[in-house]
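One line per chain: the protein sequences are W and R, in this order.
Following this note's numbering, the numbering of the first sequence begins with 13 at its first residue and continues without gaps.
Following this note's numbering, the numbering of the second sequence begins with 16 at its first residue and continues without gaps.
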Amino acid sequence: MSVAERAMGKLTARPGERALGVLAVAGLAASAVMSLIVSPPDVEQGTLIRLMYVHVPSAWIAYLSFGVVFLASIAYLRTKRTRWDRLAAASAEVGVLFTALTIALGSIWAKPVWGTWWTWDPRLTTTAIMLLIYVGYLAVRRIPDSPSRRARWAAVVGIVGFADVPIVHLSVRWWRSLHQAPARLIGVPDIAPTMGAALGVAFLAFTLVYLYLMALRLRVGRLEDRLVAEALSPRVGEPVEVLLENRRSSSATGPVDSEEVHARG
Amino acid sequence: MVEIATANIGYVVAGYTVTGLALVSYVGLLLLRARRARVRAAAIAAKRAR
């Protein structure tokens with residue numbers, strides 16, 4: 013078992029999940045204090061700058077989520093282990109949530125600053141395309157097909173779809189854009205220290221939220237897989253653990269899912 | 016200064032409300048899915064035991 017798999021196992025165990033939940037709530041509370049009270053209003057945008065502390069970290073979590081989808085998809089294609097497929101599915105779902113949130117928050121911010129809720133600006137357009145790609149990824153996962161083939165197709169979409177992520181990030185440099193370029197936080201920062209600190213705390217809080225949501229979503233994934241194993245098991249009274257163990261031990265010969273194990277059963 | 020600080024505060028409130036609602040709704044949905052899967056698995060196991 014790899015280091016990554018061991019770390020994933022620890023984080024997604026119930027005590028780890030609870031600890032992450034507590035840390036995430038504490039982080040969000042600290043971020044709210046920093047963003048709404050400590051951080052001063054901006055000279056030009058006034059209090060609207062406070063939207064930056066939720067909009068920018070949401071975008072960061074969207075990138076992070078799709079990066080995890082990309083890596084987990086590669087790991088799945090290499091190892092055919094179900095856990096990587098489950099990790100990619102969980103991260104894509106969280107990523108879609110945060111991409112939608114990023115667009116909604118950007119829209120709320122754009123209305124008073126740009127005078128419009130939406131414009132076909134390169135950053136906005138590539139972000140909308142990114143959302144569509146990963147909604148498509150989730151749709152691929154719902155196609156009624158062999159679970160292993162579905163996982164393989166999803167992994168391919170997860171890898172190819174990631175190409176849009178750097179395009180989204182660099183779109184403000186490559187094309188003329190209404191959207192501002194990213195603020196520099198490392199080296200000589202180009203935002204006030206208090207604002208930089210508030211943004212840093214917000215990044216940390218949202219990362220903790222991501223880890224908590226992932227732990228929760230992975231537990232749901234395991235429970236739903238277990239339910240499928242229960243429902244499809246033809247062997248009355250056989251413990252689910254035995255069936256799942258069969259699946260794991262037979263995965264060396266190829267991508268075998270619970271359904272396939274039971275179909276053979 | 017006060018004018019700058021308070022103008023457009025509705026958009027800020029809307030932004031933070033949308034964020035809070037999205038996160039709480041998703042956590043609620045996941046907890047519901049987990050509970051539903053557990054209950055259905057238990058029901059199937061109980062049916063087999065009979």
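Quick reminder that beta carbons are idealized off the backbone N, C-alpha and C, glycines included.
- The beta carbons of residue 143/W and residue 108/W sit closer together than 9 angstroms.
- In this chain, the alpha helix (DSSP H) harbouring residue 115/W covers 94 to 126.
- Near chain R, meaning a CB-to-CB distance below 7 angstroms, the residues of the segment 57 to 91 of chain W are 58, 59, 60, 62, 63 and 66.
- Chain-ordered, the chain R residues with CB closer than 8 angstroms to the CB of residue 121/W read 26 and 30.
- Taking every protein chain shown into account, the CB of residue 133/W has 16 or more other CB atoms within 10 angstroms, so this residue is buried.
- For the set 204/W, 185/W, 169/W and 225/W, the Cα lying nearest the Cα of residue 148/W is the one of 169/W.
- An exposed status is given to residue 57/R, since fewer than 16 other beta-carbon atoms sit within 10 Å of its beta-carbon.
- Inter-residue distance for residue 52/W and residue 39/W is about 20 angstroms (C-alpha atoms, whole angstroms).
- Linking residue 34/W to residue 44/W through their CA atoms gives a straight-line distance of about 15 angstroms.
- Shown in chain order are the members of the segment 123 to 137 of chain W whose Cβ falls below 8 angstroms from a Cβ of chain R: 123 and 124.
- Think of a sphere of 8 angstroms around the beta carbon of residue 29/W: no beta carbon from chain R falls inside it, the nearest being about 11 angstroms out.
- At least 9 angstroms separates the beta-carbon of residue 29/W from that of residue 48/R.
- Excluding residues up to 5 positions away in sequence, 117 lie with their Cβ nearer than 6 angstroms to the Cβ of residue 66/W in the same chain.
- With 16 or more other Cβ atoms from the protein chains shown falling within 10 Å of its own Cβ, residue 214/W counts as buried.
- Residue 150/W and residue 189/W have their C-alpha atoms some 30 angstroms from each other.
- Here DSSP, grouped into helix, strand and coil, assigns residue 176/W to helix.
- Per DSSP, the beta-bridge partners of residue 58/W are 54/W.
- By the Cβ neighbour-count rule, residue 43/R is exposed, with fewer than 16 other Cβ atoms within 10 Å of its own.
- Counting C-beta pairs with one atom in each stretch, the segment 171 to 191 of chain W and the segment 77 to 96 of chain W have three or more that are closer than 8 angstroms, which means they touch.
- Taking 9 angstroms as the CB threshold, residue 216/W stays off the interface with chain R.
- At a cut-off of 9 angstroms between beta carbons, residue 190/W makes no contact with chain R.
- In the three-state DSSP reduction, residue 164/W falls in the helix class (H, G or I).
- The Cβ atoms of residue 77/W and residue 110/W sit closer than 9 angstroms to each other.
- Taking a 10 Å sphere around the C-beta of residue 206/W, we find fewer than 16 other C-beta atoms and assign the residue as exposed.
- In the same chain as residue 233/W, and ignoring 5 residues on each side of it, the C-beta atoms closer than 7 angstroms to its own belong to 98, 101 and 102, in chain order.
- Taking 9 angstroms as the threshold, the shortest C-beta distance from residue 113/W to chain R falls below it.
- Within 10 angstroms of the beta-carbon of residue 30/R lie 16 or more other beta-carbons, which makes it buried.
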